[in-house]
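The opening residue of the first sequence carries number 0 in numbering that gives the first Met the number 0; numbering runs sequentially from there.
Using N, Cα and C, we set each Cβ at its ideal position, and we do this for glycine too.
This one's a predicted model, so the numbers in the text were calculated from it and none came from an experiment.
See structure below.
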Amino acid sequence: MFRTRFAPSPTGYMHIGNLRTALYAYLIARQADGKFILRIEDTDQNRNVPEAVQAIYNGLKLAGIEYDEGPDKDGGFGPYVQSQRLPIYAEYAQKILDSGHAYYCFCQKEDKPALEETGERVQGYRDPCRSLSEEEARVKFAQGIVPVVRQRIPEGTSTFYDHVYGEITIDNSQLDDQVLLKSDGFPTYNFANVVDDHLMAITHVIRGQEYLTSTPKYNLLYEAFGWNRPEYIHLPHIIREDGGKLSKRAGDPSFEDLVRMGYLPQAIVNYVALLGWNPGDEREFFLLADLVEAFDMNRINKSNAAFSFDKLRWLNGEHIRALDPEGFHNFALPYYPQSLTGFDLRQLSALIQIRTENLTDIPGLVGFFAELPEYEADLFVHQKSKSTLESSRMVLEAVLPIFDALDEWNNESLFAVLKTFANKAGFKVGTVMWPIRTALSGQETSPGGATELAALLGKEETLRRISLGLEKLG
RNA sequence: GCUCCUAUGGUCUAGUGGUUAGGACGCGGCCCUUUCAAGGCUAAAACCCGGGUUCGAGUCCCGGUAGGAGCACCA
């Protein structure tokens with residue numbers, strides 16, 4: 000039975016990278032008919048954003064990623080919030096202390112050599128407290144110093160297999176005696192993730208590549224406890240197109256931000272899945288359910304991938320076009336201007352669906368329906384349609400009574416009547432259509448042609464706009 | 001600084017010793033057409049560098065270079 004987990008810390012929003020990690024973990028579990036677990040990693044008391052857990056629920060829900068077990072969905076392996084598991088960590092810390100794989104450290108933060116500031120890492124530095132006798136420790140305790148618990152890293156080298164990166168070997172001298180239990184009684188990620196993953200029977204650990212070099216430390220912990228290691232799937236990072244890292248602070252959008260920017264959740268999920276993975280054939284359009292089928296963790300890439308808004312936009316367009324008319328209409332509705340009344344909005348949706356790449360395009364696409372923009376007469380001149388000011392004047396003048404007499408007002412009837420007129424008058428269809436479309440839209444381009452716009456605007460408004468066009472033509 | 005990882009067009013990628021190096025986004029052109037889209041066709045554009053191994057390397061090995069990550073009482 001596969002069991003994977005998504006273990007975010009509650010920061011208040013879903014990073015793009017987190018979304019992909021959650022997605023992959025979900026896909027790996029689903030396609031094996033396994034379980035996908037949500038666990039909240041809130042062991043940093045300084046970094047707890049209230050309401051942030053709710054943001055995680057919302058994000059996953061928006062993405063369509065359903066978890067089988069989580070804080071609000073007990074599966075018998077809870078609690079699923081680390082701050083509620085403190086006694087468990089204390090118990091296992093004691094065990095590892097007893098077995099000698101960890102020790103109390105009474106050093107204060109300032110006592111530590113400043114490794115990074117100087118740029119000089121002290122090779123093989125070992126904490127002085129690792130060799131403290133029981134007696135010495137007792138004295139420190141008596142002095143009221145609250146210790147941390149540190150892992151005792153043994154000599155040697157550590158090797159493990161990762162499904163993405165293959166075999167990784169690291170010399171233990173590169174690993175330091177990391178803190179397992181902080182002085183506030185909370186575990187560090189380094190300890191909690193191992194204890195929880197084991198206790199929650201996680202079989203596959205999917206996480207960012209930043210954990211690759213510390214994985215040996217976790218493996219040593221598994222060994223110290225006599226537990227089996229999980230399988231590892233470390234993911235390359237998603238970066239910006241300019242090569243920098245994606246950061247909320249630098250203005251890069253979160254998953255929720257992207258949705259607000261007009262991208263469909265399913266398009267974002269699809270796009271993000273493709274950042275570092277491909278199906279092995281040339282498909283690119285995937286709905287979540289298709290991803291479950293197609294995903295293969297052995298096809299995950301090793302190198303970082305840049306997030307391209309251009310490609311996301313294209314894929315978003317693909318997803319918009321794949322929506323059924325009703326589905327698109329529901330997405331589009333909130334983007335229609337208030338002033339857009341008296342129109343068959345469903346028909347309008349049908350007109351713009353194929354032309355919408357991003358939902359935020361919509362107001363700009365439909366604005367002229369609500370109000371005819373100002374435009375100059377020379378907009379009637381269009382070489383390709385063989386439309387001139389003179390031809391436009393002739394067409395609009397002739398078309399006014401034809402429209403006025405037309406009883407059946409729809410795209411087909413309008414097109415038929417205009418085509419007949421064009422033939423009779425010796426015009427190309429385009430020469431007739433261009434001035435009408437221009438008069439109706441006041442724009443160089445519009446979603447839909449002359450007859451589609453006329454059908455939607457209705458007879459009265461159509462006649463009004465054509466008259467207005469005629470005025471401009473003098 | 002030390003360690004680990006990575007390296008195919010601008011970007012996402014296919015490729016597991018023999019290919020005209022394939023696809024997608026974007027960009028240009030053409031077709032279609034009731035403007036614009038959509039759709040179809042098409043062009044330009046890539047194997048980081050240097051050594052090996054081999055009859056033959058984008059593919060294997062070594063060394064550079066470049067980029068990323070880690071080295072917290074953060075996750």
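Gln44 sits away from Ala101, with the two beta carbons spaced by 8 Å or more. Residues Gln81, Phe185, Pro186 and Ala191 of the same chain have their beta carbon placed closer than 6 Å to that of Thr42, with the five preceding and five following residues left out of the count.
Inter-residue distance for Leu18 and Asp97 is about 39 Å (C-alpha atoms, whole angstroms). Fewer than three Cβ pairs drawn from the segment 89–96 and the segment 287–303 lie within less than 8 Å of each other, which leaves the two stretches out of contact.
Looking only at Val416, Leu462 and His381, the smallest Cα-Cα distance to Gln442 is reached by His381. Judged by DSSP secondary structure, Phe327 falls outside any beta strand (DSSP E) and instead within the alpha helix (DSSP H) spanning Pro324 to Ala331. Around the beta carbon of Gln265, 16 or more other beta carbons sit within 10 angstroms, so the residue counts as buried. Taking every protein chain shown into account, the CB of Thr3 has 16 or more other CB atoms within 10 angstroms, so this residue is buried. By the neighbour-count definition (other C-beta atoms within 10 Å, threshold 16), Met296 is a buried residue.
The DSSP-derived three-state label of His318 is helix. Between Ser157 and Asn218, the alpha-carbon positions lie close to 8 Å from each other. Of the candidates Thr387, Glu356, Asn303 and Leu344, Glu356 places its Cα closest to the Cα of Arg320. Distance check between Leu257 and each of Gly74, Gln208, Ile15 and Gly11 places Ile15 closest, using alpha-carbon atoms only. In this structure, Met432 is the residue among Met432, Val204 and Leu131 with its C-alpha nearest to the C-alpha of Ala397. Within the DSSP secondary-structure output, Ala304 pairs in a beta bridge with Ile237. Listed in chain order, the non-local C-beta contacts of Tyr79 below 6 Å within the same chain comprise Arg38, Gly69 and Pro70, local neighbours out to five positions each way being set aside. Remark: C-beta atoms of Leu22 and Ile55 do not approach each other more closely than 8 Å.
Secondary structure at Val148: strand, using DSSP grouped into helix, strand and coil. Distances from the alpha-carbon of Leu198 to those of Gln173, Glu281 and Arg228 put Arg228 closest. DSSP places Phe190 within a helical segment (H, G or I) once states are collapsed to three.
When secondary structure is reduced to three states using DSSP, Cys128 falls in the helix class. Considering only Asp309, Ala449 and Ile361, the residue with the shortest C-alpha distance to Ser384 is Ala449.
In this chain, the alpha helix (DSSP H) harbouring Lys458 covers Ala449 to Lys471. Given a length threshold of 4 residues, each whole run of the alpha helix (DSSP H) inside the segment 257–303 is given here in chain order: 264–272 and 287–293.
DSSP places Val80 in the strand class (E or B) of the three-state scheme.
Contact fails between the segment 336–350 and the segment 296–312, because fewer than three Cβ pairs, one in each stretch, are under 8 Å apart.
When DSSP states are grouped into helix, strand and coil, Ala6 belongs to the coil group.
Cβ contact annotation for Val147 (same chain, cutoff 7 Å, sequence separation greater than five): Cys104, Val178, Leu180, Lys181 and Ser182, in chain order. Gln352 counts as buried, since at least 16 other C-beta atoms from the protein chains shown sit within 10 angstroms of its C-beta. The continuous beta strand (DSSP E) containing Thr156 extends over residues Thr156 to Asp161.
Bounds of any alpha helix (DSSP H) do not take in Asp67, whose DSSP letter is neither H nor E. In this chain, the beta strand (DSSP E) harbouring Ala101 covers Ala101 to Cys104.
Phe342 is a Cβ neighbour of Leu455, given a cutoff of 8 Å. Under the three-state reduction of DSSP output, Gly16 falls in the helix class. Under DSSP, Leu180 shares a beta bridge with Val148 and Pro186.
Proximity to Ile152 across Ile169, Tyr164 and His162 peaks at Ile169, based on C-alpha coordinates.
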